[in-house]
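**Q** Before I ask anything, let me first share the structure, which is written out below as structure tokens.
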Amino acid sequence: GMAAFLREIAALIRNSNAQAIAQRLQLSSTDSPKRQYVDSLSSKSYQAANTECERQVSGDWAEVVCHSCLAASAVKQAKLDEACKHQEAAVEAFLRVFKTLTRAWLPVFYALLVDLRKIASDADAQAREADGGVPNESGCLEAAGRVMRKCLAQELRDEDNDKSICRSWGALFVANQCNKIFFRLNTLKHVKSLVLPTMVSIDEYPLADRVTWRFFQGRVAMLDGMHDKAEADLSFAFNNTPPAHAHNRRVVLCYLIPVRLLLYQNKPSPTRRAAIPTQELLEKYKLPEFKDLVRAFVTGNVMLFDEALEEHMDFFVGRSIYLLLHKLKLCVYRNLFKRAYNVEKKSQVKLDVFVAAVRACGCKDVEPEQVECMLANLIFSGMVKGYIAHKQKTVVLKKDDPFRTVG
Numbered sequence: 063g064m065a066a067f068l069r070e071i072a073a074l075i076r077n078s079n080a081q082a083i084a085q086r087l088q089l090s091s092t093d094s095p096k097r098q099y100v101d102s103l104s105s106k107s108y109q110a111a112n113t114e115c116e117r118q119v120s121g122d123w124a125e126v127v128c129h130s131c132l133a134a135s136a137v138k139q140a141k142l143d144e145a146c147k148h149q150e151a152a153v154e155a156f157l158r159v160f161k162t163l164t165r166a167w168l169p170v171f172y173a174l175l176v177d178l179r180k181i182a183s184d185a186d187a188q189a190r191e192a193d194g195g196v197p198n199e200s201g202c203l204e205a206a207g208r209v210m211r212k213c214l215a216q217e218l219r220d221e222d223n224d225k226s227i228c229r230s231w232g233a234l235f236v237a238n239q240c241n242k243i244f245f246r247l248n249t250l251k252h253v254k255s256l257v258l259p260t261m262v263s264i265d266e267y268p269l270a271d272r273v274t275w276r277f278f279q280g281r282v283a284m285l286d287g288m289h290d291k292a293e294a295d296l297s298f299a300f301n302n303t304p305p306a307h308a309h310n311r312r313v314v315l316c317y318l319i320p321v322r323l324l325l326y327q328n329k330p331s332p333t334r335r336a337a338i339p340t341q342e343l344l345e346k347y348k349l350p351e352f353k354d355l356v357r358a359f360v361t362g363n364v365m366l367f368d369e370a371l372e373e374h375m376d377f378f379v380g381r382s383i384y385l386l387l388h389k390l391k392l393c394v395y396r397n398l399f400k401r402a403y404n405v406e407k408k409s410q411v412k413l414d415v416f417v418a419a420v421r422a423c424g425c426k427d428v429e430p431e432q433v434e435c436m437l438a439n440l441i442f443s444g445m446v447k448g449y450i451a452h453k454q455k456t457v458v459l460k461k462d463d464p465f466r467t468v469g
């Protein structure tokens, strides 16, 4: 009966079978002795459950098993706040055990942490619903983040073991769990405060962990306006995500596309052609939100650009890329004016030519003053080389390639 599961776990601990223990302690475990054991806990106190565990499982391990199973039981009963506290306690207990172990036991650590993040996230959502949609300030997710930062600070600075078996190999995985929490809570200052142990250098971690890390680093760089760094990090994440993981590639593209367009805006040159996503790419990764936007960007269709931004505003705002995309507006005008200039390629162009181009996009009511102002902005920002002869209502452009900007 109930003891079967505990005996099974005790044997796995004795045989150091970390992978099997991780699978059984996971919330999603389908192990039937575990299911029976979890069901038996629904009416038991922690004391009773712990006493039972200690008969089969020794020391701190008893607490790990007991708390993680009580968390599973609480999740089943939809008591998510309680589940969170048990899962935190399971992590804390595992940290005490982990002090004497090596990297071979990381799978158990990972399983407990991922479940902690998921339970905490669900618990906060449940609390918000109960409070009529008001986010709880001292939520479970915030507490989970604190536990994980403690894990990173204390447990993963492993001076006892050889590099090949040290616990520090788990640091990047744990840091990524922290990042997922910080981005969800919008506490980005914490992202920058994460310190990785020095034992393992960043390039030595498993590729999957590096991809996730660079993805978050890229998003922080993007929000800080460091577009070159953002592009490098996000490109690394995209290129090293296996094509089979289309969903993850799609998520990366949501951030990589705006950053690339912005870089293209600042340094348009033949090498930047690749910056503009093709319609096939947008089809393949199911990103219809970008289709009109990119088409408008390339053709300089100001009206279509505004409409696309407006239509998919919720999608863009939800990913914190709306303001970044808004910054592309100037470049849309540049692309439009370049097309108007290309018709005759004269170095003196009447302002009316540019006004007509804007009106042709559908902005029927645009005033010449507005267009002149846009041109002045483009000249000031270095996207157009030349000056405006205001009295003559003429734009005097540099002889060779006035629309080429050198970043």
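Under our numbering, the first residue of the sequence shown carries the number 63, and numbering increases by one thereafter. We put the CB at the ideal spot given by N, CA and C, even for glycine. Just so we're clear, the structure is a prediction, and the values are computed from it rather than from any experiment.
(1) Write down the C-beta distance between Leu-157 and Glu-217 rounded to the nearest angstrom, noting that I regard them as a contact closer than 8 Å.
(2) Whole-angstrom Cβ separation of Val-536 and Cys-425, contact assumed at under 8 Å?
(3) Would you call Val-468 buried or exposed, if buried means 16 or more other Cβ atoms sit within 10 Å of its Cβ?
(4) Taking all protein chains shown into account, decide if Ile-71 is buried (16 or more other Cβ within 10 angstroms of its Cβ) or exposed.
(5) Taking Thr-113 as part of the alpha helix (DSSP H), name the residues at either end of that continuous run.
(6) Give the DSSP-derived three-state secondary structure of Glu-70 in the structure shown.
(7) Let's see if you can read the secondary structure: which residues bound the beta strand (DSSP E) around Val-411?
(8) Does the stretch 174 to 186 come within contact of the stretch 201 to 208, defined as at least 3 CB pairs closer than 8 Å?
(9) From this set, Trp-275, Val-428, Lys-147, which residue's C-alpha is nearest Ala-133's C-alpha?
(10) Return the CA-CA distance between Lys-212 and Leu-142, expressed in angstroms with no decimal places.
(11) Comparing alpha-carbon positions, which option in Ser-105, Arg-86, Arg-276 lies nearest Phe-171?
(12) Mapping the DSSP letters down to three states, classify Val-420 as helix, strand or coil.
(13) Closest by CA to Val-119, which one among Leu-68, Ser-91, Pro-259?
(14) List the endpoints of the continuous alpha helix (DSSP H) containing Ile-441.
(15) List the whole-angstrom C-beta distance separating Leu-459 from Gly-444, where the pair is believed to meet the contact cut-off of C-beta under 8 Å.
(16) Which runs of the beta strand (DSSP E), 3 residues or longer, sit entirely within the stretch 192 to 231?
(17) Let me make sure I understand the geometry here. Which of Ile-227, Glu-125, Leu-318 has the alpha-carbon closest to that of Leu-470?
(18) Between Ala-110 and Lys-348, what straight-line distance do the alpha-carbon atoms span, to the nearest angstrom?
(19) Is Ala-451 helix, strand or coil when you go by DSSP?
(20) Mind checking Arg-117: buried by the 16 CB within 10 Å criterion, or exposed?
(21) Assuming Phe-235 and Phe-278 are in contact, meaning their beta carbons sit under 8 Å apart, how far apart are those beta carbons, in whole angstroms?
(22) State yes or no: is the C-beta of Val-433 within less than 8 Å of the C-beta of Leu-440?
(23) Output needed for Leu-175: all residues of its chain with C-beta closer than 6 Å, excluding positions within five of it in sequence on either side, in chain order.
(24) What is the DSSP secondary structure of Val-457, counted as helix, strand or coil?
(25) Quick one: Cα of Arg-312 to Cα of Asp-463, how far?
(26) For Glu-406, is the classification buried or exposed, using 16 other Cβ atoms within 10 angstroms of its Cβ as the cut-off for buried?
(27) Taking the straight line between their C-alpha atoms, what separation do you get for Thr-113 and Ser-107?
(28) Here's a check: name, in chain order, each residue in its chain whose Cβ is nearer than 7 Å to the Cβ of Trp-123, leaving out the five neighbours to either side.
(29) Which residue wins for smallest C-alpha separation from Glu-144, given the options His-129, Glu-154, Trp-167?
(30) Measure the C-alpha to C-alpha separation of Ser-226 and Trp-167 and round it to an integer number of angstroms.
(31) Would you verify that the beta carbon of Leu-87 is, or is not, closer than 8 Å to some beta carbon of chain B?
(32) In three-state terms, what does DSSP make of Ala-306?
(33) Below 8 Å between beta carbons: does that hold for Gln-341 and Leu-390?
(34) Quick check: the Cα distance between Ala-419 and Cys-435, rounded to an integer number of angstroms?
**A** Looking at the coordinates:
(1) At roughly 5 Å, the Cβ-Cβ gap stays under 8 Å, so Leu-157 and Glu-217 are in contact.
(2) Residue coverage of the chain in this structure runs from 63 to 469, which leaves residue 536 outside it and unanswerable.
(3) Confidence at Val-468 is low in this model, with a pLDDT of 49, below 50, so the placement of that residue is unreliable and no value is reported for it.
(4) Classification for Ile-71: buried.
(5) It spans 108 to 118 - the alpha helix (DSSP H) in which Thr-113 sits, taken as one unbroken run.
(6) Helix at Glu-70.
(7) Looking at the DSSP string, the run of the beta strand (DSSP E) that includes Val-411 is 410 to 412.
(8) Yes, they touch.
(9) The shortest C-alpha separation from Ala-133 is found at Lys-147.
(10) If I take the Cα positions, the gap works out to 22 Å.
(11) Per the Cα distances, Arg-86.
(12) Taken through DSSP and simplified to helix, strand or coil, Val-420 comes out as helix.
(13) The shortest C-alpha separation from Val-119 is found at Leu-68.
(14) Its alpha helix (DSSP H) spans residues 430 to 442.
(15) That belief does not hold up - the Cβ atoms of Leu-459 and Gly-444 are roughly 14 Å apart, past 8 Å.
(16) You should have found no qualifying run.
(17) In the structure as shown, the chain starts at 63 and stops at 469, and residue 470 therefore has no counterpart that could be examined.
(18) Taking the straight line joining both Cα atoms gives about 52 Å.
(19) Strand, per DSSP.
(20) With fewer than 16 other Cβ atoms within 10 Å, it is exposed.
(21) Not confirmed; about 13 Å, so no contact.
(22) The Cβ-Cβ distance between Val-433 and Leu-440 does not fall below 8 Å.
(23) Excluding residues up to 5 positions away in sequence, Gln-239 lie with their Cβ nearer than 6 Å to the Cβ of Leu-175 in the same chain.
(24) If DSSP states are grouped into helix, strand and coil, Val-457 belongs with the strands.
(25) Arg-312 and Asp-463: Cα-Cα distance of roughly 36 Å.
(26) Here Glu-406 is exposed: its Cβ has fewer than 16 other Cβ atoms, across all protein chains shown, within 10 Å.
(27) Thr-113 and Ser-107 have their C-alpha atoms spaced approximately 10 Å apart.
(28) Contacts found: Ile-75, Val-159.
(29) Check the Cα spacing between Glu-144 and each of His-129, Glu-154, Trp-167: the tightest is with His-129.
(30) Approximately 13 Å between the Cα atoms of the pair.
(31) This model lacks chain B altogether, as it is built from one protein chain only.
(32) Coil.
(33) One thing to note: Gln-341 has its Cβ no nearer than 8 Å to the Cβ of Leu-390.
(34) Annotation: Ala-419 to Cys-435 spans about 15 Å, alpha carbon to alpha carbon.
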